[in-house]
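Visitor: Following this message is one structure expressed as structure tokens.
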Amino acid sequence: MLVIGSSTGGPEALAKVLPALPASLPVPVLLVQHMPPVFTRQFAQRLDRLSALRVVEAVDGSPLQPGTVHLAPGDHHLTVRGTGRGATTMLSQDPPENFCRPAVDPLFRSAVTAYDGAVLAVVLTGMGSDGRNGASVIRDAGGTVVVQDQASSVVWGMPGAVASAGLADEVLPLDRVAEAITRHLQRALPPQPARPTLATGAHR
1 MLVIGSSTGG PEALAKVLPA LPASLPVPVL LVQHMPPVFT RQFAQRLDRL
51 SALRVVEAVD GSPLQPGTVH LAPGDHHLTV RGTGRGATTM LSQDPPENFC
101 RPAVDPLFRS AVTAYDGAVL AVVLTGMGSD GRNGASVIRD AGGTVVVQDQ
151 ASSVVWGMPG AVASAGLADE VLPLDRVAEA ITRHLQRALP PQPARPTLAT
201 GAHR
């Protein structure tokens, strides 16, 4: 699965990354943007208009399907309940982490519990260090972590904390993040069996 965390400067960054992803994205996407209530619904609607992917404000208990982006609602942590194909979204008002609710770390940790190492995490521009501890859990489980570079970030707090801890597989300018997401997800897919070809003149 794909999990994304962002804060200061995140709305603009996400409005560039998500529209660059294909509608055929083979995994579900869960997204935490530090944002107060009310604004998250409007932001989800904006991203949905811009993107080929379906973008919704997350509700509790939604099945996770490829090609759908679930944005954490303001004042609620967004995590994953269950495992694999039976996984669903879960919302809670557990205490803030890193002074934030929603926070990135709970989402990242829960993704590993649900999908083991089959997790790609992206940390975009933002203040603070939310996402660093979760990125460590993802790397320990065999997942992949991509962060936005300092030059293209409004604030290089969150991605910088991950990179400085040695937890980033790639540190990239914003305009290369979507390509990296697509590339990593394609690598993670199992090889598809070749389709049998019909010999010339074969009966159908």
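The opening residue of the sequence shown carries number 1 in full-length UniProt numbering; numbering runs sequentially from there.
We put the beta carbon where it would ideally sit given N, CA and C, even for glycine.
Just so it is clear, the structure is predicted and the values come from calculations on it, not from any experiment.
Using a Cβ-Cβ cut-off of 7 Å (strictly less than) and excluding sequence neighbours within five positions of Ser110, which residues of its own chain qualify?
Guide: Residue numbering aside, residue 110 sits at position 110 when the sequence shown is read from its first letter. The residues are Thr79, Val80.
Visitor: Verify whether the separation of the beta carbon atoms of Met158 and Asp175 is less than 8 Å.
Guide: Within the sequence shown, the letter at position 158 stands for residue 158. Within the sequence shown, the letter at position 175 stands for residue 175. Their beta carbons are not under 8 Å apart, which means Met158 does not touch Asp175 by this criterion.
Visitor: Within a Cβ cutoff of 7 Å, which residues of the same chain sit near Ala178, ignoring the five residues on either side of it in sequence?
Guide: Position 178 of the sequence shown holds residue 178. So the list reads Val17, Ala20, Leu21, once near-sequence residues are dropped.
Visitor: Beta-carbon separation of Leu71 and Val55 under 8 Å?
Guide: Residue numbering aside, residue 71 sits at position 71 when the sequence shown is read from its first letter. Residue numbering aside, residue 55 sits at position 55 when the sequence shown is read from its first letter. The answer is yes: Cβ separation under 8 Å.
Visitor: Considering just the uninterrupted stretch of the beta strand (DSSP E) at Ala121, what are its terminal residues?
Guide: As a position in the sequence shown, residue 121 is number 121, starting the count at 1. Start and end: 120 to 123.
Visitor: Three or more C-beta pairs closer than 8 Å, one from the segment 43 to 50 and one from the segment 103 to 119: is that the case here?
Guide: Contact between the segment 43 to 50 and the segment 103 to 119 is absent, because fewer than three Cβ pairs lie under 8 Å.
Visitor: What did DSSP end up calling Met127 once you bin it into helix, strand or coil?
Guide: Position 127 of the sequence shown, counted from the first residue, corresponds to residue 127. Looking at Met127 - three-state DSSP - the assignment turns out to be coil, as it is neither helix nor strand.
Visitor: Could you name the residues of the same chain whose beta carbon sits closer than 8 Å to that of Val185, not counting the 5 residues immediately before and after it, in chain order?
Guide: Here residue 185 corresponds to residue number 185 of the sequence shown, with the count starting at 1. Inspection of the sequence shows that residue 185 is occupied by Leu rather than by Val. So the qualifying residues of the chain are Leu2, Leu25, Pro26, Val27, Leu120.
Visitor: List, from N- to C-terminal side, the alpha helix (DSSP H) runs of 4 residues or more that fit wholly inside the segment 30 to 92.
Guide: As far as the segment 30 to 92 is concerned, its whole alpha helix (DSSP H) runs of at least 4 residues are 39 to 50.
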